[in-house]
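Under numbering that gives the first Met the number 0, think of the first position of the sequence shown as 0, with each following residue one higher. Take a look at the structure below.
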Amino acid sequence: MSHAGTVSFTPAELEAETERLFRVLLHVDCTPGKSWNYEACRGFAPLTLEINRLKKEKDAVILTHSYVEPEIVYGVGDFKGDSYFLSLMARESKAKVIVFAGVVFMAETAKILSPDATVIVPDRGSGCSLADSLTGDQLRKLKAAYPDAAVVCYINSTADVKAESDVCVTSGNVYDIIAALPQPRILFVPDRLMGENVRTELKRRGVAKEIITSDGTCIVHDVFDAAAVADARARFPGLKVVAHPECTPEVAAAADFVGSTGAMMKYVKTTSAPYYLMLTECGLVGRLQVETPEKHFIGGCRLCPYMKLNSLEKVRDALAAPRPDQIVTLDEEIRRRAARCIDRMFELAPAIKG
Ligand code: SF4
């Protein structure tokens, strides 16, 4: 018998779990200095076994954002994807406990949508440079300066900011939702670069909107550089460059495809090209290495220090006995107003997509 925490396993169970993890993760090479070889999988196996047992005992589900490490996504995640998909899963979940392996604003979103569940975040320090760039107070001041504007918040925002906003958007539906709003003036927060990309895209579509933004950026996506894209294209003929709309407009213009993490995955899966440059967080490359092992990714992705605070150990500890700081709590009035802003997105998004 082997033990992890309070749970024990037979050698056969450990071997089977090691095999399962290795078969899934054998092509992954997405975090410098880290390996997913057989020995590494043997090291993960006691934790994934323990977490998967704890999930059943506690009636819990684990939501994993594509940017967290692949042993979490594929080892213990019940649902994996981007903010929009995981928000839907949180809303539909009947579980008593939701563990959100992502960052704090995502766990807050899960709590907004699933108020009766105990929502747990493995590391309270897992912030986000975008979400943390704007408080509810700051947004109230901006709203006072632009009283006629529709207030649109990117889902990467705090519950306070959502509570002050008319409608929430994700990188997958931002263009369609803003285009569908009746107001000609939009106060878009907190991502300045996504706001610039929205301006460009709406102009291309012939939609007249004035877009005012606050000054947040994603520290992962704001540093990609159009010159490096040109250099990569020269070195890898036939390269496809795939970018997230949190990148600069120059980088977005230099890319072959710009979209949400879900849309980027779909693009790679349905495109035939020898090489890909993914201008996003490296966890997405890990997912693609698992799900499209025949494709080649040439590097260039970046690590999000907040997402990488998640670990199997922290997920296990938070599930076994969450500390008060790991349990998400929200003021009920804020939660209710934030839920209205997200529900408005759910109302508008399916209608737009037909
Ligand atoms: S990748 Fe950027 S937007 Fe996403 S959590 Fe990290 S800092 Fe925030």
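Backbone N, C-alpha and C fix where the C-beta goes; we use that ideal spot for every residue, glycine too.
In this structure, what does DSSP give as the bridge partners for H243? Paired residues: none, contrary to the question.
In the structure shown, what three-state DSSP assignment does G298 receive? Of the three classes helix, strand and coil, the one that applies to G298 here is coil, per DSSP.
Count the other CB atoms, across all protein chains shown, that sit within 10 Å of the CB of E332; report buried if there are 16 or more and exposed otherwise. exposed
Whether F84 touches L48 by CB criterion (8 angstroms): Not a contact, by the Cβ cut-off of 8 angstroms.
Check whether the Cβ of E280 sits closer than 7 angstroms to any heavy atom of the ligand SF4, and report yes or no. yes
Cα-Cα separation between C29 and G285, rounded to whole angstroms: CA-to-CA, the gap between C29 and G285 works out to about 5 angstroms.
Quick one: using the 10 Å Cβ neighbour count with 16 as the cut-off for buried, is E163 buried or exposed? buried
Considering only residues of the same chain and omitting the five flanking positions on each side of K95, which have a CB-CB separation below 8 angstroms? K57, D58, A59, A116 and T117
Apply the 10 Å Cβ neighbour rule to E68 and answer buried if 16 or more other Cβ atoms are within range, or exposed otherwise. Per the 10 Å Cβ criterion, buried.
Taking 7 angstroms as the cut-off, is the C-beta of I61 nearer than that to any heavy atom in the ligand SAH? No copy of the ligand SAH occurs in the structure displayed; its ligands are the ligand SF4 alone.
One question on the structure: do L180 and N155 come within less than 8 angstroms of each other, judged by their Cβ atoms? no
Taking the beta strand (DSSP E) that L62 falls in, what are its first and last residues? A59 to H64
Please tell me whether, using a cut-off of 7 angstroms, the distance from the CB of E68 to the nearest non-hydrogen atom of the ligand SF4 is below it. no
Does the distance between the C-beta of N155 and the nearest non-hydrogen atom of the ligand SF4 fall short of 7 angstroms? yes
In three-state terms, what does DSSP make of F223? It is coil, neither helix nor strand.
Taking the alpha-carbon of D175 as reference, which of L278, A229 and G258 has the nearest alpha-carbon? G258
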